[in-house]
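A.B. asks:
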Amino acid sequence: MNHGTALLWKRRALSSLSATRRGLPKEKMSENGIMSRAKVLTIDTMNPTVKKVEYAVRGPIVQRAVELERELSEGMKKPFAEVIKANIGDAHAMGQQPITFFRQVLALCSYPELLSDSTFPEDAKSRACRILQSCGGNSMGAYSASQGIDSVRQDVARYIERRDGGVACDPDNIYLTTGASDGIVTMLKLLVCGEGTTRTGVMIPIPQYPLYSAALAELGAVQIDYFLNEEKCWSLDITELQRAVNEARQYCNPRALCIINPGNPTGQVQSRQCIEDVIRFAAKERLFLMADEVYQDNVYAEGCQFHSFKKVLFEMGPEYAETVELASFHSTSKCYMGECGFRGGYMEIINMDDEVKDQLTKLLSVRLCPPVPGQALMDLVVNPPQPGEPSYGSFIKERTATLSALAEKAKLTEQVLNTVQGISCNPVQGAMYSFPRITIPEKAVKEATEKGQQPDMFYCMKMLEETGICLVPGSGFGQKDGTYHFRMTILPPTDKLKILLNKVKEFHQRFTQQYS
Amino acid sequence: MSQQAVNGISHRGRVLTLDSMNPNVKRVEYAVRGPIVQRAVQIEKELKEGVKKPFTEVIKANIGDAHAMGQKPITFFRQVLALCSYPALLEDSKFPEDVKKRAQRILEACGGHSIGAYSTSQGIECIRQDVARYIEKRDGGIPSNPDNIYLSTGASDAIVTILKLLVCGEGRDRTGVMISIPQYPLYSAALADLGAVQINYYLDEDNCWSLNIAELRRALNAAREHCNPRVLCIINPGNPTGQVQSRQCIEDVIRFAKEEHLFLMADEVYQDNVYAEGCQFHSFKKVLFEMGPEYSNTVEMASFHSTSKCYMGECGFRGGYMEVINLDPEVKAQLIKLVSVRLCPPVPGQALLDLVVNPPQPDEPSYATFMTERTAVLSTLAEKARLTEQIFNTVPGITCNPVQGAMYTFPCITLPQKAIDKAKELGLVPDMFYCMRLLEEDGICLVPGSGFGQREGTYHFRMTILPPTDKLKVVLQKIREFHLRFTQEFS
């Protein structure tokens, strides 16, 4: 660069400084020397925390999967006939059928003329009437209260009481949400404050469901990792929690502890003892507890049982029940319903400061209300057909079929993957995923690193291109350094799942061979 | 050191307190569901419990919720939604063929043919294509690329997402966002939550709330002293003011945005709600493109629409979309990544939006009923807009601009000095004091103008025009009587 150009650039730099002050367009020198005006919104001038957000469940590998689907539909030849999206916990997309009763009521709520239609059972009609009566103008099209329809919140409270063996639940503590994700993000938002070493730190499991890391990145909160114990079926270890919080206190202000039970991606179902220990730990370390329990009906393994944090908290007596701050989350997307598209959910808040509650209510009011169809659906989930009601028989049958199929597929998955040398799969105790550990040959690790890819991303991408199977690499969820995993859903229909597992097995063997 | 020790105070040892919560959230206000509405809900409860009041019901004229006020949904839409919810009904002969066809098309585009499946994060593809076609039809053929369409959870969701992308910088470089005063308080709330700088530009009440470029320029220049203005938000038709901007004005705004290098956000959720003679909705997108490539290739813009207003009034479904124009491809990738974290907008709302942009056509069985229903809703609203303006303008001390569009009236009210003083004594903003009184005495819930912003020393309230005409007449009458009483009391 000659002197004249340097001066020119310096002058431009100076004038662009004052131009910023005046807000005039920054000029940009493009490659061919033509001045073009930079956009207002560019990668450099956008929200920096948004750039830090990642969400692997719909990340780069899924984008490639969608591309492949397009290529297939355009007639391109591939080593497979279809892409199998085993990356996301979307039961209906994988062929699971909705619960008839739920959809009948939703149809009646959408088009109340059908209330005079004799093909609908009486209990469906009476549920629909009850829901409609609590809607403005008796229409699902009206906004609801921002906290959610009153009668639905009451039904949620009753459900929680029944589930928790009678432990009281106050409907005022129930907030309906747009899926559980909405409630989780809202709570995290409330908790974040401080600067530098007083910045809020939030403890999350590794591996975790990446909504948490994404939300923390966006909010500029500090992520505090605590590692689940892979050797002990992904169990939670209080000494590990302690280690993590102690270390974190040096550079941030740890204030919240997030647990996912049953776990995602790991599927572990925490023992009651463990839950007690976590509560005790949270009380001692003064942490706000967040219990993500969206998979509460998805428990498969012998000897495992779902214990809600709320129940255990209260059974630990007033010393804990009156002091520990807890938010528990549930959703209509998982369990036996699989109604992801409706974005139904709720959270129950325990021991929240009244002034903060007011702030929460105010914050929620800005977005008016959660989708009413999702609220209606949640009402049915917490208030399903009872024995003696016309729809009870079919309801139980459908629910049982779905849950037992999942249990079968959980076992099958663990079993088949464990026959593969280089794949080791913990029991899928609950939830909807397997998160097996994979051994990746050194040569493959090297090639991945050269390509600038995480080794398990490299592995999964190869699998996608060769078999059409879309999984999510373990790096998207977090894992101990030097270990590799993938997350695969157990949702495809059993026959297809068998084929899938076989292809994964064959791929792994091929891959290992190729890079030996 | 524990938080308690640091604070030196105990909130019963709570982790999360007013002092230890997100400070931005504390700055958020949203008057449409604020304190006056909370009081209204309380009064409703008291009425139910048998407490005697000077009225028998609370009329919630605070929020743009058409169905709650008795407006009926469009039959076709609800039929299709019923079929989508419960596809067994496809066998039912009582549903017309066009309803079944639409439902089948939507279901085929869903994973597992179920509206219970997640959709792609940007929204179901064929719906985005339908939205693009709708925009093209609306805008006289100007192309719309489905890739630029993002379905959202109501328009609010998309508005907040775009604002979020735009916020950066610290101190004097902090992003500033220009919003109209008066405004729909989602904007001020979002800016407070995001810690962005709010830049107020005043609409001209004396000229039917029109937008004035000189005023935009004044606001912008003043703002440059303390922040980095990057965005200009327009609501057209306006909320709370109802003004429908002229085409010339829209051109001028676009020109201004280009000159001043501002990202344009055009909130157009009331685009079908245009009542006044001589007024017409012109989309920002259309005007932008008609201004030629110098503008249409450069101005960055996002336009927003929703299923909550217009003739549909389907607020509860949380359906909406935005169209982004000239967004940097790298930013687009970031946008997609950001919306993917929340998975997808509610599928029933997406389905509903599909029907809104792809309604029955003249040769289809449901067309006639659809047109009858749509026309009835819109003409009733037009009637009520006129009625409201007319009656308010007969009240001394209330001046009401024509309700050109949207769903609200935002009249200017004269408050006697004594009332203003009394309000101050009570620690209330004067128009809140006025509205609270109206609520307690007549059971009518409005939102004080202070919740939307207004010129210093002026007072307003926002009232919806949504109650059924007969009820609306009664409400208007009561407000008139209240105002006269109030003025008398504080004279």
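One line per chain: the protein sequences are R and L, in this order. Counted from 1, the first sequence has number 133 at position 133 by UniProt numbering; the numbering is strictly sequential. Counted from 1, the second sequence has number 47 at position 47 by UniProt numbering; the numbering is strictly sequential. Note that CB positions come from ideal geometry on N, CA and C, so glycine has one too. Treat the numbers as computed from the prediction; the structure is a model and nothing was measured.
#1: So, does the region 109 to 119 of chain R touch the region 120 to 136 of chain L, judging by three or more C-beta pairs under 8 Å?
#2: Where do the ends of the beta strand (DSSP E) carrying L/Thr175 lie?
#3: Assign L/Ala333 to one of two classes, buried (16 or more other C-beta atoms within 10 Å of its C-beta) or exposed (fewer than that).
#4: Quick one: what's got a C-beta closer than 6 Å to L/Thr380's C-beta in the same chain, skipping five residues either side?
#5: Name the DSSP bridge partner or partners of R/Tyr226?
#6: So for L/Thr241, helix, strand or coil by DSSP?
#7: Cutting at 7 Å between CB atoms, please list the residues of its own chain near L/Arg27, excluding the five before and the five after it.
#8: Quick one: is L/Gly8 near chain R, going by C-beta distance under 7 Å?
#9: When you compare the CB of R/Met140 with every CB in chain L, is at least one pair closer than 7 Å?
#10: Going by DSSP, what residue range makes up the beta strand (DSSP E) through R/Asp292?
#11: My parser needs the alpha helix (DSSP H) runs of 4 or more residues fully inside the region 233 to 295 of chain R; what are they?
#12: How long is the line joining the alpha carbons of R/Gln453 and R/Asp358, rounded to whole angstroms?
#13: What runs of the alpha helix (DSSP H), each 4 residues or longer, lie entirely inside the region 354 to 400 of chain R?
#14: With a cut-off of 8 Å on the beta carbons, I'd call L/Cys84 and L/Ala103 a contact; round off their distance for me.
#15: Which runs of the alpha helix (DSSP H), 4 residues or longer, sit entirely within the region 207 to 288 of chain L?
#16: How many Å lie between L/Ser210 and L/Val244 at the Cα?
#17: Along the chain, which unbroken stretches of the alpha helix (DSSP H) at least 4 residues long are found entirely within the region 336 to 387 of chain L?
#18: How big is the Cα-Cα spacing for R/Asp172 and L/Cys445?
#19: Let me see if you follow: with CB-CB separation under 7 Å, is R/Val245 close to chain L or not?
#20: Going by the DSSP bridge assignment, what does R/Ala327 pair with across the sheet?
#21: If you pair each beta-carbon of the region 330 to 337 of chain R with each one of the region 274 to 287 of chain L, do three or more pairs fall below 8 Å?
#22: Buried or exposed for R/Pro207, going by 16 or more other Cβ atoms inside 10 Å?
#23: Inspect the beta-carbon positions of R/Pro390 and R/Pro121 and report whether they are closer than 7 Å.
#24: With L/Lys478 and L/Asp442 assumed to form a contact (beta carbons below 8 Å), what rounded beta-carbon distance in angstroms separates them?
#25: Check the Cβ of L/Leu166 against every Cβ in chain R and list those closer than 9 Å, keeping chain order.
#26: Under 7 Å between C-beta atoms, does R/Leu176 make it to chain L?
#27: Which two residues bound the contiguous alpha helix (DSSP H) that contains L/Asn145?
#28: Cα-Cα, which of L/Glu425, L/Phe482 and L/Pro416 is closest to L/Gly457?
#29: Using a beta-carbon distance cut-off of less than 8 Å, what residues from the region 372 to 383 of chain R approach chain L?
#30: Return the Cβ separation of R/Leu406 and R/Tyr251 in integer angstroms, given the expectation that the two are a contact with Cβ distance under 8 Å.
#31: With 7 Å as the limit, tell me which residues of the region 306 to 319 of chain L have their beta carbon closer than that to any beta carbon of chain R; keep them in chain order.
#32: Whole angstroms are fine: how far does the CA of R/Arg37 sit from the CA of R/Tyr175?
#33: Taking a contact to mean a Cβ-Cβ separation below 7 Å, would you say R/Tyr320 touches R/Leu313 in this structure?
#34: Span of the beta strand (DSSP E) holding L/Ser85?
#35: Return the bridge partner residues of L/Gln198 from the DSSP annotation.
#36: Between R/Met46 and R/Ser134, what straight-line distance do the alpha-carbon atoms span, to the nearest angstrom?
C.D. replies: With the structure as the only source:
#1: no
#2: Here residue 175 of chain L is taken as the residue at index 175 of the second sequence, counted from 1. Start and end: Thr175 to Ile181.
#3: Position 333 of the second sequence, counted from the start, is the residue given in the question as residue 333 of chain L. Per the 10 Å Cβ criterion, exposed.
#4: The residue you call residue 380 of chain L lines up with position 380 of the second sequence. Contacts found: none.
#5: By 1-based counting over the first sequence, the position of residue 226 of chain R is 226. Its beta-bridge partners are R/Pro205.
#6: For the purposes of this step, residue 241 of chain L is taken as the residue at position 241 of the second sequence. Collapsing the DSSP output to three states places L/Thr241 in coil.
#7: As a working note, residue 27 of chain L is residue 27 in the second sequence. The answer, listed in chain order, is Ala192.
#8: The residue labelled residue 8 of chain L in the question sits at position 8 within the second sequence. Because L/Gly8 sits at a pLDDT of 42, beneath the cut-off of 50, its placement in the model cannot be relied upon, and the point is left open.
#9: Sequence index remark: in the first sequence, residue 140 of chain R carries index 140 (1-based). Yes, its Cβ sits closer than 7 Å to a Cβ of chain L.
#10: For the purposes of this step, residue 292 of chain R is taken as the residue at position 292 of the first sequence. From DSSP, the beta strand (DSSP E) with R/Asp292 extends over Phe288 to Asp292.
#11: 238 to 248 and 272 to 285
#12: Counting from 1 along the first sequence, the entry for residue 453 of chain R is found at position 453. Counting from 1 along the first sequence, the entry for residue 358 of chain R is found at position 358. Answer to the nearest angstrom: the Cα atoms are 46 Å apart.
#13: 354 to 365 and 372 to 382
#14: On the second sequence, residue 84 of chain L is found 84 positions in, with the first residue counted as 1. On the second sequence, residue 103 of chain L is found 103 positions in, with the first residue counted as 1. With 8 Å as the limit, L/Cys84 and L/Ala103 qualify as a contact, their Cβ atoms being about 5 Å apart.
#15: Taking only runs of at least 4 residues, the alpha helix (DSSP H) segments lying wholly in the region 207 to 288 of chain L are 213 to 223 and 247 to 259.
#16: Along the second sequence, one-based indexing puts residue 210 of chain L at 210. Along the second sequence, one-based indexing puts residue 244 of chain L at 244. The straight-line gap from Cα to Cα measures roughly 8 Å.
#17: 347 to 357
#18: As a first step, residue 172 of chain R must be located in the first sequence, where it is residue number 172. As a first step, residue 445 of chain L must be located in the second sequence, where it is residue number 445. Approximately 24 Å, taken between the alpha carbons.
#19: Locating residue 245 of chain R in the first sequence gives position 245, counting from the first residue. No, R/Val245 lies away from the interface with chain L (no Cβ there is under 7 Å from its Cβ).
#20: Position 327 of the first sequence, counting from 1, holds the residue named residue 327 of chain R. Answer is R/Met290 and R/Ile349.
#21: no
#22: Residue mapping note: residue 207 of chain R aligns to position 207 of the first sequence, counting from 1. So R/Pro207 ends up on the buried side.
#23: As a working note, residue 390 of chain R is residue 390 in the first sequence. As a working note, residue 121 of chain R is residue 121 in the first sequence. The beta carbons of R/Pro390 and R/Pro121 sit closer together than 7 Å.
#24: Your numbering for residue 478 of chain L matches position 478 in the second sequence. Your numbering for residue 442 of chain L matches position 442 in the second sequence. Between L/Asp442 and L/Lys478 the Cβ distance is about 5 Å, and since that is below 8 Å, they are a contact.
#25: In the second sequence, the residue the question calls residue 166 of chain L occupies position 166. Result: Val40, Leu41, Thr45, Met46 and Asn47.
#26: Taking the first residue of the first sequence as 1, we reach residue 176 of chain R at position 176. Closer than 7 Å: no.
#27: Counted from its first residue, the second sequence places residue 145 of chain L at position 145. It is not in any alpha helix (DSSP H) - L/Asn145 carries neither H nor E in the DSSP assignment.
#28: What you label residue 457 of chain L is simply residue 457 of the second sequence in a count that begins at 1. The shortest C-alpha separation from L/Gly457 is found at L/Pro416.
#29: Val372, Pro373 and Gly374
#30: Sequence index remark: in the first sequence, residue 406 of chain R carries index 406 (1-based). Sequence index remark: in the first sequence, residue 251 of chain R carries index 251 (1-based). Rounded, the Cβ-Cβ distance is 41 Å, inconsistent with contact.
#31: Gly313, Glu314, Cys315, Gly316, Phe317 and Arg318
#32: Counted from its first residue, the first sequence places residue 175 of chain R at position 175. Counted from its first residue, the first sequence places residue 37 of chain R at position 37. One C-alpha to the other measures close to 47 Å.
#33: For this step, residue 320 of chain R is matched to residue 320 along the first sequence. For this step, residue 313 of chain R is matched to residue 313 along the first sequence. Yes.
#34: Walking along the second sequence from the start, residue 85 of chain L turns up at place 85. No beta strand (DSSP E) holds L/Ser85; the alpha helix (DSSP H) holding it covers Thr75 to Ser85.
#35: For the purposes of this step, residue 198 of chain L is taken as residue 198 along the second sequence, with counting starting at 1. Note: L/Gln198 sits in a beta bridge opposite L/Val177.
#36: The count along the first sequence starts at 1 and reaches residue 46 of chain R at position 46. The count along the first sequence starts at 1 and reaches residue 134 of chain R at position 134. Whole-angstrom Cα-Cα distance: 43 Å.
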